[in-house]
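Residue numbers (the working numbering), protein chains in the order written: chain P, 17 to 342; chain R, 17 to 342. Please read the structure below before turning to the comments.
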């Protein structure tokens, strides 16, 4: 793999398009990150376009040029706040999948207080097979190790009960493979574990993961709103509300998706960070820092090693042969 | 169907087993409900047993005898706080599916503040086909109409985006059928809609629904705990905490699953209520009241009518012929 041979630092490629607050905020965020960047402006691929078609036809689109720079080794990682579909397609075409990986997945830190929990897939693959879920587990563990310094991440498989036989046939099959693998596998975890932080990584299909992520954001918002309304609903409690305002404001910042830097696309040959469309400059800066850290900590190389050690590559023999051609 | 001919009121059958706090609390709750009940004690089928086997072999089990009483028309509805699998199996064997219904589903009111939102399936069927999802929609709408007096319930299909083409192939197929049907169909809804109460009924498979339900409970708990910790983390805010305590306590009660009475099994010939294992006497009373109301408001008959009108019966011709044999 080309990535294993790069030692000198190239900049992080940043797509200027896609942020709700415009390209200036993205440029400002990139500057704030304190790490070398290369900025890519030009035409934008939006959510209205079919991603694969648009990435093929709009060769001067900012996200396409940024992805090409990463694929060519002129940049170490990619950050974009633009349309997720376009970023995914551009990454598949130009950054490319790791050999032996079936499907890249989108991973995201659960936006709740407490220790960081990584959820994947958060929406890249609505239909998955057991071997995809198994690879997601290794990919997610490598990310938590490389980027968050978790020594031996504990990985759970999202299901409807703790017993190994609970869940769909695909989940049951993935459970068996993970139990026989090289990870610190916690077995099945349930919806409440995702919120309680009982493991470091939670693996699921992209349909359930996407629903779960949006549901956590929505639930946190609804509960926080209900707390605010309850406090404001009486004179005495309103007075109390003034006294707790500072602390609750700090909590709100903790729940702010901008703080984490966004989602990351795992399973491609360089780190690709999916920044929130709603990102502030600080949000973009965090996204760039996460991309930089993933590159510096050799996340991709660690992923390759972990998949190989766990026997989870699509075809271990084929992958090592193919790698020698890179 | 026998259910359409019953006009006089029979009691609600209540399984005394299964509540964490014991049979006395169940009996007390049944009494508190203020509606006639028939209590069933005796051997308990627990989660450790294989439900279908246990229901067949333990003929004197409380949940089996209660279900038989309902199936025989000696009781109008069934309430149990015991093992969900056993209740489901006993209901399928003795209360029986509505003719034309593929699969009964477990429906539950979303445990968040705001207007009531019904989620189904919450775990009865981990694998579903499009026609199952379509029937869940009609069953859920009939419940909200009969039991919660919602005139023309708005129904959403849980997916990963609002566009009709988003989601798994099964979800896309169900979307098409629902869009062509007789319900007030809101199209696809996302995780955040489930928490925000933008529709009255949210339809999904039992895997996603079960994960979603436990995730909401877990998220609400985590956020509420973080609010409490934030308030207690400083002197001024702790003082404020004393002043907001009353209002937040009231909110906590609103989030208490006991308040809703539990989940309901839809698609069987009489109302079957799945009370929480953690139910207090008041929780049991609410469950009995919900069962009573579903019977009085002819929920099952309305479900049959709605499925027939929407052309969503398994086989409309076969169902009406079969019904004449009842």
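C-beta: ideal position from N, C-alpha, C; glycine also. As the structure is a computational prediction, the values presented were derived from the model and not from experiment.
Cβ-Cβ distance between residue i and residue j below 8 angstroms
{"i": "residue 152 (chain P)", "j": "residue 121 (chain P)", "result": "yes"}
{"i": "residue 26 (chain R)", "j": "residue 91 (chain R)", "result": "yes"}
{"i": "residue 212 (chain P)", "j": "residue 234 (chain R)", "result": "yes"}
{"i": "residue 174 (chain R)", "j": "residue 218 (chain R)", "result": "yes"}
{"i": "residue 128 (chain R)", "j": "residue 238 (chain P)", "result": "yes"}
{"i": "residue 58 (chain R)", "j": "residue 77 (chain R)", "result": "yes"}
{"i": "residue 300 (chain R)", "j": "residue 138 (chain R)", "result": "no"}
{"i": "residue 191 (chain R)", "j": "residue 203 (chain R)", "result": "yes"}
{"i": "residue 79 (chain R)", "j": "residue 102 (chain R)", "result": "yes"}
{"i": "residue 257 (chain R)", "j": "residue 250 (chain P)", "result": "no"}
{"i": "residue 33 (chain P)", "j": "residue 66 (chain P)", "result": "no"}
{"i": "residue 41 (chain P)", "j": "residue 253 (chain P)", "result": "no"}
{"i": "residue 216 (chain R)", "j": "residue 287 (chain R)", "result": "no"}
{"i": "residue 197 (chain R)", "j": "residue 328 (chain R)", "result": "yes"}
Pairwise C-alpha distance: residue j and residue i
{"i": "residue 165 (chain R)", "j": "residue 149 (chain R)", "result": "23 angstroms"}
{"i": "residue 85 (chain P)", "j": "residue 323 (chain R)", "result": "56 angstroms"}
{"i": "residue 283 (chain P)", "j": "residue 94 (chain R)", "result": "50 angstroms"}
{"i": "residue 210 (chain P)", "j": "residue 43 (chain R)", "result": "36 angstroms"}
{"i": "residue 330 (chain P)", "j": "residue 147 (chain P)", "result": "8 angstroms"}
{"i": "residue 294 (chain R)", "j": "residue 35 (chain R)", "result": "6 angstroms"}
{"i": "residue 49 (chain R)", "j": "residue 114 (chain R)", "result": "27 angstroms"}
{"i": "residue 304 (chain R)", "j": "residue 88 (chain R)", "result": "19 angstroms"}
{"i": "residue 56 (chain R)", "j": "residue 220 (chain P)", "result": "41 angstroms"}
{"i": "residue 131 (chain P)", "j": "residue 177 (chain P)", "result": "23 angstroms"}
{"i": "residue 242 (chain R)", "j": "residue 270 (chain P)", "result": "10 angstroms"}
{"i": "residue 332 (chain P)", "j": "residue 320 (chain P)", "result": "Unreliable positioning characterises residue 332 (chain P) in this predicted model, as indicated by a pLDDT of 48, which lies under 50. The coordinate reading is nonetheless provided below. Cα to Cα, the separation comes out at about 11 angstroms."}
{"i": "residue 338 (chain P)", "j": "residue 326 (chain P)", "result": "Only weak support exists for where residue 338 (chain P) lies, its pLDDT of 40 falling under 50; the value from the coordinates is given anyway. Using only the alpha carbons, I get a separation of about 19 angstroms."}
{"i": "residue 340 (chain P)", "j": "residue 189 (chain P)", "result": "Only weak support is given to the placement of residue 340 (chain P): the predicted model assigns it a pLDDT of 38, under 50, and the value that follows is read from those uncertain coordinates. Distance between the alpha carbons of residue 340 (chain P) and residue 189 (chain P) is about 32 angstroms."}
{"i": "residue 20 (chain R)", "j": "residue 167 (chain R)", "result": "Summary for residue 20 (chain R): the model assigns pLDDT 44, below 50, so the residue's position carries little reliability, and this model does not support an answer."}
{"i": "residue 263 (chain P)", "j": "residue 281 (chain R)", "result": "43 angstroms"}
{"i": "residue 208 (chain R)", "j": "residue 111 (chain R)", "result": "36 angstroms"}
{"i": "residue 315 (chain P)", "j": "residue 54 (chain P)", "result": "21 angstroms"}
{"i": "residue 154 (chain R)", "j": "residue 186 (chain R)", "result": "17 angstroms"}
{"i": "residue 69 (chain P)", "j": "residue 317 (chain P)", "result": "30 angstroms"}
{"i": "residue 39 (chain P)", "j": "residue 292 (chain P)", "result": "13 angstroms"}
{"i": "residue 75 (chain R)", "j": "residue 104 (chain R)", "result": "15 angstroms"}
{"i": "residue 309 (chain R)", "j": "residue 302 (chain R)", "result": "10 angstroms"}
{"i": "residue 64 (chain R)", "j": "residue 136 (chain P)", "result": "31 angstroms"}
{"i": "residue 18 (chain R)", "j": "residue 285 (chain R)", "result": "With a pLDDT of only 41 at residue 18 (chain R), under 50, the local geometry of the prediction cannot be trusted, and no value is derived from it."}
{"i": "residue 342 (chain R)", "j": "residue 311 (chain R)", "result": "Note that residue 342 (chain R) scores 36 on pLDDT, short of 50, meaning its location in the model is unreliable; the coordinates nonetheless yield the value given after this. Spanning the two alpha carbons is a distance of roughly 19 angstroms."}
{"i": "residue 247 (chain R)", "j": "residue 247 (chain P)", "result": "12 angstroms"}
{"i": "residue 313 (chain P)", "j": "residue 140 (chain R)", "result": "44 angstroms"}
Test: residue i CB closer than 8 angstroms to a CB of chain C
{"i": "residue 208 (chain R)", "result": "The chain labelled as chain C is not found among the protein chains of the depicted structure, namely P and R."}
According to DSSP, residues forming a beta bridge with residue i
{"i": "residue 170 (chain R)", "result": "R:200"}
{"i": "residue 109 (chain P)", "result": "DSSP, once it has assigned bridges, lists no residue as partnering residue 109 (chain P)."}
{"i": "residue 296 (chain R)", "result": "Note: residue 296 (chain R) sits in no beta bridge, so no partner."}
{"i": "residue 56 (chain P)", "result": "P:31"}
{"i": "residue 96 (chain P)", "result": "P:290"}
{"i": "residue 284 (chain P)", "result": "P:113"}
{"i": "residue 125 (chain P)", "result": "P:134"}
{"i": "residue 217 (chain R)", "result": "R:134, R:171"}
{"i": "residue 85 (chain P)", "result": "Its beta-bridge partners do not exist; DSSP assigns none."}
{"i": "residue 205 (chain P)", "result": "P:174"}
{"i": "residue 279 (chain P)", "result": "P:290"}
Supposed contact pair residue j and residue i - C-beta distance, whole angstroms, cut 8 angstroms
{"i": "residue 123 (chain R)", "j": "residue 108 (chain R)", "result": "With 8 angstroms as the limit, residue 123 (chain R) and residue 108 (chain R) do not qualify as a contact, their Cβ atoms being about 16 angstroms apart."}
{"i": "residue 230 (chain R)", "j": "residue 206 (chain P)", "result": "5 angstroms"}
{"i": "residue 100 (chain R)", "j": "residue 290 (chain R)", "result": "6 angstroms"}
{"i": "residue 71 (chain P)", "j": "residue 106 (chain P)", "result": "5 angstroms"}
{"i": "residue 227 (chain R)", "j": "residue 224 (chain P)", "result": "6 angstroms"}
{"i": "residue 184 (chain P)", "j": "residue 260 (chain R)", "result": "Contact flag wrong, Cβ pair sits at about 44 angstroms."}
{"i": "residue 157 (chain P)", "j": "residue 194 (chain P)", "result": "The Cβ separation is near 11 angstroms, so there is no contact."}
Short of 9 angstroms Cβ to Cβ, which residues in the region 241-254 of chain P face chain R?
241, 242, 243, 245, 246, 247, 248, 249, 250, 252, 253, 254
Where the region 134-166 of chain P meets chain R: residues whose CB sits under 9 angstroms from a CB there:
139, 142, 143
Within 7 angstroms of chain P by C-beta, residues of the region 213-232 of chain R in sequence order
223, 224, 226, 227, 228, 229, 230, 231, 232
Any residues in the region 181-204 of chain R with a beta carbon nearer than 9 angstroms to a beta carbon of chain P? Which ones, in chain order?
182, 183, 184, 185, 187
Identify each residue in the region 55-85 of chain P for which the Cβ-Cβ distance to at least one residue of chain R is less than 8 angstroms, and report them in chain order.
none
Under 8 angstroms, CB to CB, which of the residues in the region 109-137 of chain R have a partner in chain P?
128, 129, 130
Contact residues within the region 20-41 of chain P, judged by C-beta distance below 8 angstroms to chain R
none
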